[in-house]
Amino acid sequence: MKTAAMTFLLLCLSVGAQAQQLMKFAHDEAFDADKAPRVGIEVEMSGLRTKEIALIVQKKIGGEIQIVPNEYGVPEYHLQKSAIGRVVVKPEDNGSSAIGNLEEAYEKTLITEIVTDPIHYADVEKLQKAMDALKASGAKGTADGLAVSIQVNVEIAQGDRSKATPQEIIDLIKTYLSPENRKDIAATYQVPEFRRKYLGDFSPGFMKLINQPHYNPTWREFYNDFMYRQGAEVMGIEGAWKSPISQVKKEVMYKLHAEGFDKILPVMKWNYLRLSSMMMYMMPQDPLSKFLVETTWFKGYPLFENREPNNNFNVVKAVRETLGLKRLSETVGFFRVNHPEDYQKFLSIKARACSAVFAGH
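Each residue of the sequence shown is one higher than the last, beginning at 10 in the working numbering.
Below is the structure:
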């Protein structure tokens, strides 16, 4: 028992003290399967039809296929009772429903999306077997010139509103979007030009605000800043950050009703990290949340979404990197790639946790 416990401790403490690549450090050292929150996975691909994809996935994780017709004429395939729960295989509909002809768009591209319910990390490893099989069967990803991705939706505070805090979101944003970290993350993911229009930073005004040292908002204040003031800035409304919030709200809602929600997509969806779902979850009764839900394009969920990874069919890597980065920001706060003291702080906390586990053996 002592030998096994000592081996565990040595493995636990064998960390990369000179780690310089943020995402590699997140993947190798910060990720912890035992502490990993649930994730929902979305994988976009082409090269195979929806039915073919559903059958290949079924061979790897089991389950029963239910064919679900829809208004666009391209059926969805819902895999029920699989080894990882429900999995939906459907035509990718971002942008297509707006022109009312998803069937035509699908026949041109065959872009299909695999969507899981929230799953544990052990289930991500099971899903990886299906990804390997799809790639071997001719499925095409980003490297084939397609604007497709792996999207990792990470559950926050197990959906408990009383435990979620604006500060953990702020630390995550700063860790992911600070200029020094962005350089490293961009080098890791190497997103091609044809995908970049679907990604981006938050607005300059919002980033300036959250980097102020004494910014400590309530959820109500954070929602107003993220959704309304940032939305107003993106839509070109004068006085976005100076006018009274009541005036900003009126102007944002007027513009959305008059011109449509596409005006606010750079805030709601086209980000490296999508956070609008979490905001709507925390403030479901806000008029803007209700407006967005009524479009049927948006829903409030207790999560953030990493939308940056290309689809290279490696969901395990994308999940480990995303969850590792989340753990760094949870543990250290704003984690900075070029600051050795931030690595040391995390490693010290990790070492103490390992020692506590070792002492319990």
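By construction, the Cβ of each residue, glycine as well, lies at the ideal position given by its N, Cα and C atoms. On a predicted model such as this, the values are computed, not experimentally measured, just so you know.
Count the other CB atoms, across all protein chains shown, that sit within 10 Å of the CB of V200; report buried if there are 16 or more and exposed otherwise.
For the purposes of this step, residue 200 is taken as the residue at position 191 of the sequence shown. It counts as buried.
Going by Cα to Cα distance, which pick from G49, L136 and E189 is closest to N323?
Position 314 of the sequence shown holds residue 323. Cα-wise, what sits closest to N323 is L136.
Cβ separation of E112 and G82, assumed to be a contact under 8 Å, to the nearest whole Å:
Locating residue 112 in the sequence shown gives position 103, counting from the first residue. Locating residue 82 in the sequence shown gives position 73, counting from the first residue. About 4 Å separates the beta carbons of E112 and G82, which is inside the 8 Å limit, making them a contact pair.
Where do the N-terminal and C-terminal ends of the alpha helix (DSSP H) with L155 fall, by residue?
Position 146 of the sequence shown, counted from the first residue, corresponds to residue 155. Element bounds for L155: n/a, residue is neither H nor E.
Can you list, in chain order, the stretches of the alpha helix (DSSP H) that have 4 or more residues and sit fully within the region 29 to 60?
Within the region 29 to 60, the complete alpha helix (DSSP H) runs of at least 4 residues are 31 to 34.
Those residues which DSSP pairs with L88 across a bridge:
What you label residue 88 is simply residue 79 of the sequence shown in a count that begins at 1. Note: L88 sits in a beta bridge opposite I74 and V96.
Can you give me the C-alpha to C-alpha distance between K68 and A139, rounded to a whole angstrom?
Translated into the one-based positions of the sequence shown, residue 68 becomes position 59. Translated into the one-based positions of the sequence shown, residue 139 becomes position 130. Approximately 8 Å, taken between the alpha carbons.
Evaluate the contact criterion for the region 219 to 227 versus the region 256 to 268: three or more CB pairs, one atom per stretch, below 8 Å.
Contact fails: fewer than three Cβ-Cβ distances are below 8 Å.
On the premise that I128 lies in contact with G72, defined as a C-beta separation below 8 Å, what is that separation, rounded to the nearest angstrom?
As a working mapping, residue 72 is identified with position 63 in the sequence shown. As a working mapping, residue 128 is identified with position 119 in the sequence shown. Approximately 13 Å separates the beta-carbon atoms of G72 and I128; this is outside 8 Å, ruling out the contact.
Exposed or buried, which one is T59 when buried takes at least 16 other CB atoms within 10 Å?
Counted from its first residue, the sequence shown places residue 59 at position 50. That one is buried.
Determine the contact status of K99 and T121, defining contact as a CB-CB distance below 8 Å.
Counting from one through the sequence shown, the residue named residue 99 turns up at place 90. Counting from one through the sequence shown, the residue named residue 121 turns up at place 112. Going by C-beta atoms, K99 is nearer than 8 Å to T121.
Let me check one thing: in DSSP terms, what residues is T125 bridge-paired to?
Translated into the one-based positions of the sequence shown, residue 125 becomes position 116. V96.
Let me check understanding here. Comparing Cα to Cα, which of Q294, V302 and Q239 lies closest to I273?
Numbered from 1 along the sequence shown, position 264 holds the residue referred to as residue 273. Ranking Q294, V302 and Q239 by Cα distance to I273 puts Q239 first.
Tell me E314's beta-bridge partners as DSSP assigns them.
Numbered from 1 along the sequence shown, position 305 holds the residue referred to as residue 314. DSSP lists N162 and R283 as partners of E314.
At the level of alpha carbons, what is the spacing between D210 and L186?
Indexing the sequence shown from 1 puts residue 210 at position 201. Indexing the sequence shown from 1 puts residue 186 at position 177. Taking the straight line from one Cα to the other gives about 7 Å.
Rounded C-beta distance between N280 and L356? I'm assuming under 8 Å.
Mapped onto the sequence shown, residue 280 falls at position 271. Mapped onto the sequence shown, residue 356 falls at position 347. Under the criterion of beta carbons closer than 8 Å, N280 and L356 do not qualify as touching, at roughly 30 Å.
Between the Cα of M292 and those of V124, E247 and A173, spot the shortest distance and give me the residue it belongs to.
Here residue 292 is taken as the residue at index 283 of the sequence shown, counted from 1. Selection V124, E247 and A173 evaluated against M292 yields A173 as nearest (Cα-Cα).
How do the region 150 to 165 and the region 41 to 55 stand: do at least 3 beta-carbon pairs fall below 8 Å, yes or no?
Output reads yes: the region 41 to 55 touches the region 150 to 165.
Figure out for me which residue from L218, P175, V96 and M236 has the closest Cα to the Cα of P296.
Here residue 296 corresponds to residue number 287 of the sequence shown, with the count starting at 1. Looking from the CA of P296, the closest CA among L218, P175, V96 and M236 belongs to M236.
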